[in-house]
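J.:
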Amino acid sequence: MNAPLPSSSRKVEDFAAKLGSTIHVRDMPQSTRTAEEAAAACECDVAQIVKSLVFQGATSGTPYLLLVSGKNRVDQDGVAHSIGEALSRPDGRTVRAWTGFAIGGIPPFGHDQPMKTFIDPDLLVYDTVWAAAGTPQAVFSVNPKALAKAVEAVTISMS
Numbered sequence: 063m064n065a066p067l068p069s070s071s072r073k074v075e076d077f078a079a080k081l082g083s084t085i086h087v088r089d090m091p092q093s094t095r096t097a098e099e100a101a102a103a104c105e106c107d108v109a110q111i112v113k114s115l116v117f118q119g120a121t122s123g124t125p126y127l128l129l130v131s132g133k134n135r136v137d138q139d140g141v142a143h144s145i146g147e148a149l150s151r152p153d154g155r156t157v158r159a160w161t162g163f164a165i166g167g168i169p170p171f172g173h174d175q176p177m178k179t180f181i182d183p184d185l186l187v188y189d190t191v192w193a194a195a196g197t198p199q200a201v202f203s204v205n206p207k208a209l210a211k212a213v214e215a216v217t218i219s220m221s
């Protein structure tokens, strides 16, 4: 018998249902905090890992969510050009206040505050990608095109 999911992972499942999606959260025995750890745990390529990264508009203070392929580093200047303002990285407390989740377990949806969301086109070439599900050990698989549609993500180059 499986142990019950942590409340933050149940929150992710519940929000997915509100989006019209059914996901199955896997609580892994090892850390999935980094893209490399998640890829090892999920037995997939690191490029199939969705990094949910929160940035802040440097002028407006607006939170932005970037869904980035695990193989990529964010080109902040390029993304800022696409978004229309310079970006900065908020501290962990701010990220948690906006999302309701700690860094390392931030899912692509279900946040306490709605955020404009952007997705890396490199994720869209896969049939399945893996994303965090509320804790640094919980993940779920999803079709990236369905994810992008569900969260109304705008596709922009991240790297």
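Taking this note's numbering, I'd label the letters of the sequence shown as residues 63 to 221.
From the three backbone atoms N, C-alpha and C, an ideal C-beta is built for every residue, glycine too.
Note that the structure is predicted; figures quoted are calculated from it, not measured.
1) At the level of alpha carbons, what is the spacing between A120 and E147?
2) Please classify Q92 as buried or exposed, where buried requires at least 16 other C-beta atoms within 10 Å of its C-beta.
3) Quick check on this structure: which residue in T190, K133, S69, V216 has the alpha carbon closest to the alpha carbon of N205?
4) Taking the beta strand (DSSP E) that G119 belongs to, which residues open and close that run?
5) Would you call the stretch 212-219 and the stretch 171-190 touching, i.e. three or more CB-CB distances under 8 Å?
6) Pick from V201, P183, F202: whose alpha carbon is nearest that of V130?
7) So, with DSSP's three-state summary, where would you put P125?
8) With DSSP as the reference, identify every bridge partner of L149, one or two as the case may be.
9) Do the stretch 194-209 and the stretch 78-94 meet, that is, are 3 or more Cβ pairs less than 8 Å apart?
T.: Taking the coordinates as given:
1) Along the sequence shown, read from residue 1 onward, the residue named residue 120 stands at position 58. Along the sequence shown, read from residue 1 onward, the residue named residue 147 stands at position 85. Going by the C-alpha atoms only, they are around 7 Å apart.
2) What you label residue 92 is simply residue 30 of the sequence shown in a count that begins at 1. Label assigned to Q92: exposed.
3) As a first step, residue 205 is located in the sequence shown; it is residue number 143 there, counting from the start. Answer by Cα proximity: T190.
4) As a working note, residue 119 is residue 57 in the sequence shown. It spans 111-119 - the beta strand (DSSP E) in which G119 sits, taken as one unbroken run.
5) yes
6) Taking the first residue of the sequence shown as position 1, residue 130 is located at position 68. Nearest option by C-alpha distance: P183.
7) For the purposes of this step, residue 125 is taken as the residue at position 63 of the sequence shown. Three-state DSSP puts P125 in a strand.
8) Here the question's residue 149 lines up with position 87 in the sequence shown. DSSP, once it has assigned bridges, lists G119 as partnering L149.
9) yes
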